[in-house]
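Basically the working numbering = 1-based index in the sequence shown + 6.
Please read the structure below before turning to the comments.
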Amino acid sequence: MDRGRVSMGTVRGIPIGAHWSVLAIFGLITIILATSILPAAVPGRSGAAYVPIAIVGAVVFLASLLAHELAHAVVAQKHDVRVKRITLWLLGGVAELEENPRDARAEFRIAIVGPVASMGIAIMAFGAAYLTRSWLDPLMLAAMIWLGLVNAIVAVFNMLPGAPLDGGRVLRAFLWRRTGDRAQASLKAAGIGRILGFSFIALGLIQTILGSPGGLWLVLIGWFMLMAASAERATETARAQFTGIRTGDVMSQVFDVAPEWWYVDAFLARTPHTSRGSVFPVVRYDGEPVGVVSGAELWNISEKDRLNTTVGQVARPLAPGSVVGIDADLGSVVTRTPLQAGQDIVVVMDGSAIAGVLTAEDVLRHLLRRDG
């Protein structure tokens with residue numbers, strides 16, 4: 007979701023952003039409110055009268071989704087879980103955590119607080135509508151009641167007991183606490199999430215066949231749930247395969263580093279064996295890793311430009327979690343940091359010195375060696 011993401015600032019040190027697709031949901035909500043919900047609740051107004059209230063309603067709804075995700079993030083920070091960022095997008099919002107909660111209690115608290123926040127907003131909206139019913143403009147009153155209703159729906163929907171929904175996290179916390187096995191708890195929550203995804207897709211297709219346009223929305227939600235639950239199951243399976251293995255036992259100990267101040271031509275001349283599939287850590291003068299560059303990225307530069315282009319100008323920043331200690335658990339490393347062949351590496355440190363690099367090929371080689 008990095009591409010198309012627009013930064014909206016930070017809250018408590020957490021980057022807040024919105025994907026361009028949030029404009030679609032904003033527009034859709036505005037249109038539905040202005041042409042259907044508000045006219046049905048308060049008939050007889052001109053078409054232009056509904057639009058401003060619809061826009062405000064859509065903005066406040068998106069703000070309530072942000073509050074839902076912020077609740078997750080704040081509680082995660084209180085449990086010493088680092089939060090990468092929060093992003094609003096087509097199907098709501100997501101608070102991305104850089105690591106898993108350390109125990110089932112933290113998992114439960116982080117998961118449950120989002121639906122609690124949404125239900126709290128719903129109660130406040132209903133309460134405000136009740137207290138102002140005698141004097142507030144009926145259009146604003148209708149928008150307030152709608153806001154309470156949709157937040158209540160968000161809270162209830164998110165408590166469905168399957169990954170990636172909050173209810174799936176709550177279920178995982180319960181099973182983890184009862185069995186002591188987080189991996190199995192995650193797999194069960196992901197399995198239920200897949201069932202829910204298939205169910206929403208089937209229900210949406212039936213509604214579409216019967217002529218209801220809302221069925222396509224259910225299909226989209228079901229597809230997202232299915233994909234997310236499947237990805238979570240794959241992640242937990244990978245974690246189980248590599249848990250208990252030191253990263254230092256799998257890494258490549260023979261490697262080249264690319265000084266960021268070197269010109270590309272000089273670096274390629276020094277490493278004539280460099281292929282397009284090679285990947286290098288890029289280091290500063292003091293040896294600290296600051297980036298990554300692939301052989302393909304270097305060879306793609308024209309011979310003329312290689313003479314005045316430094317490695318640092320070509321390098322990509324290291325992704326979060328791409329620098330680990332030599333004793334880091336391989337299961338945590340491979341599930342936290344994507345490793346695309348010929349593109350990505352994990353830099354393995356022994357104290358302040360680079361001890362090796364971990365690539366997709368190293369992980370595959372370990373699997374083949376183990377299974378062979």
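For every residue, glycine included, the Cβ atom is placed at its ideal position computed from N, Cα and C.
Own chain residues within Cβ distance below 6 Å of residue i, not counting five before or after
{"i": "L171", "result": "N164"}
{"i": "I332", "result": "G254, V354, D356, A361"}
{"i": "A77", "result": "V119, G120, A123"}
{"i": "A169", "result": "A195, A196, G199, A235, E238"}
{"i": "V125", "result": "A small correction: the amino acid at residue 125 is Met; Val does not occupy that position in the sequence shown. Taken in chain order, the residues that qualify are A161."}
{"i": "E242", "result": "A189, S192, L193"}
{"i": "G154", "result": "A128, A131, F132"}
{"i": "I31", "result": "L96"}
{"i": "H74", "result": "G120, A123, S124"}
{"i": "L313", "result": "D271"}
{"i": "L177", "result": "P167, A195"}
{"i": "S284", "result": "G301"}
{"i": "Q349", "result": "S300"}
Alpha carbon of residue i to alpha carbon of residue j, nearest angstrom
{"i": "D262", "j": "A189", "result": "36 Å"}
{"i": "G197", "j": "W223", "result": "22 Å"}
{"i": "A179", "j": "R111", "result": "7 Å"}
{"i": "L370", "j": "L364", "result": "11 Å"}
{"i": "S52", "j": "T36", "result": "16 Å"}
{"i": "N157", "j": "A195", "result": "24 Å"}
{"i": "E294", "j": "G10", "result": "31 Å"}
{"i": "V57", "j": "A101", "result": "31 Å"}
{"i": "V89", "j": "E104", "result": "6 Å"}
{"i": "S300", "j": "S281", "result": "9 Å"}
{"i": "V256", "j": "L373", "result": "10 Å"}
{"i": "H279", "j": "V260", "result": "13 Å"}
{"i": "D187", "j": "A246", "result": "11 Å"}
{"i": "T185", "j": "M233", "result": "26 Å"}
{"i": "G220", "j": "S42", "result": "14 Å"}
{"i": "H85", "j": "G327", "result": "19 Å"}
{"i": "G203", "j": "G98", "result": "16 Å"}
{"i": "K310", "j": "Y269", "result": "12 Å"}
{"i": "A264", "j": "W305", "result": "14 Å"}
{"i": "S308", "j": "I227", "result": "46 Å"}
{"i": "T315", "j": "I251", "result": "40 Å"}
{"i": "A134", "j": "G217", "result": "37 Å"}
{"i": "T277", "j": "V288", "result": "14 Å"}
Cβ-based neighbour list, residue i, same chain, cut-off 7 Å, excluding 5 preceding and 5 following
{"i": "S236", "result": "R200"}
{"i": "M14", "result": "I22, G23, A24"}
{"i": "T418", "result": "For the chain, the structure presents residues 7 to 378; residue 418 sits outside this window and is missing."}
{"i": "R183", "result": "A110"}
{"i": "P323", "result": "G297"}
{"i": "A79", "result": "I20, V89, I92, A101"}
{"i": "P45", "result": "Y56"}
DSSP beta-bridge partners of residue i
{"i": "I116", "result": "For I116, which the question treats as bridged, DSSP gives no partner whatsoever."}
{"i": "T16", "result": "P21"}
{"i": "A240", "result": "None; A240 has no bridge partner."}
{"i": "T316", "result": "Y269"}
{"i": "M125", "result": "Bridge partners of M125: none, in fact."}
{"i": "V369", "result": "According to DSSP, which records beta bridges pairwise, V369 is partnered with nothing at all."}
{"i": "V330", "result": "V354"}
{"i": "P323", "result": "G297"}
{"i": "A359", "result": "D356"}
{"i": "D335", "result": "R252"}
{"i": "I34", "result": "For the record, residue 34 in the displayed sequence is Leu; it is not Ile. According to DSSP, L34 bridges with nothing at all."}
{"i": "A101", "result": "I92"}
{"i": "R375", "result": "Bridge partners of R375: none, in fact."}
{"i": "F132", "result": "Looking at the DSSP assignment, F132 forms no beta bridge with any residue, so it has no partner."}
{"i": "P107", "result": "In the DSSP output, where bridge partners are listed per residue, P107 has none listed."}
{"i": "L364", "result": "V352"}
{"i": "R11", "result": "H25"}
{"i": "S258", "result": "V363"}
{"i": "G285", "result": "Gly is not the amino acid found at residue 285; the sequence shown has Val there. S300, per the DSSP bridge assignment."}
{"i": "A264", "result": "V288"}
Anticipated Cβ contact below 8 Å, residue i with residue j, distance rounded
{"i": "V28", "j": "L94", "result": "5 Å"}
{"i": "D321", "j": "E266", "result": "According to the sequence provided, residue 321 is Ala. The question's Asp does not apply to it. Correct: roughly 6 Å between the Cβ atoms."}
{"i": "I151", "j": "S70", "result": "With a Cβ gap of about 14 Å, I151 and S70 do not count as contacting."}
{"i": "V330", "j": "V352", "result": "6 Å"}
{"i": "V62", "j": "A149", "result": "7 Å"}
{"i": "A325", "j": "A347", "result": "Their Cβ separation, rounded to whole angstroms, is 15 Å, which puts A325 and A347 out of contact at 8 Å."}
{"i": "R108", "j": "V81", "result": "So it is not a contact: roughly 13 Å between Cβ atoms."}
{"i": "T341", "j": "A244", "result": "6 Å"}
{"i": "A60", "j": "L34", "result": "Going by Cβ atoms, the distance from A60 to L34 rounds to 11 Å, so no, they are not a contact pair."}
Cutoff 8 Å; reference residue i; Cβ partners in own chain excluding five residues on either side
{"i": "R139", "result": "L147"}
{"i": "L345", "result": "I351, V352, L364, T365, A366, V369"}
For this session: Let me know the alpha helix (DSSP H) ranges lying completely inside the segment 143-223, each 4 residues or longer, listed in chain order.
Result: 144-164, 172-185, 188-215
Problem set entry | Complete alpha helix (DSSP H) runs within the segment 42-92 (minimum length 4 residues, chain order) | The segment 42-92 contains these whole alpha helix (DSSP H) runs: 44-47, 53-84.
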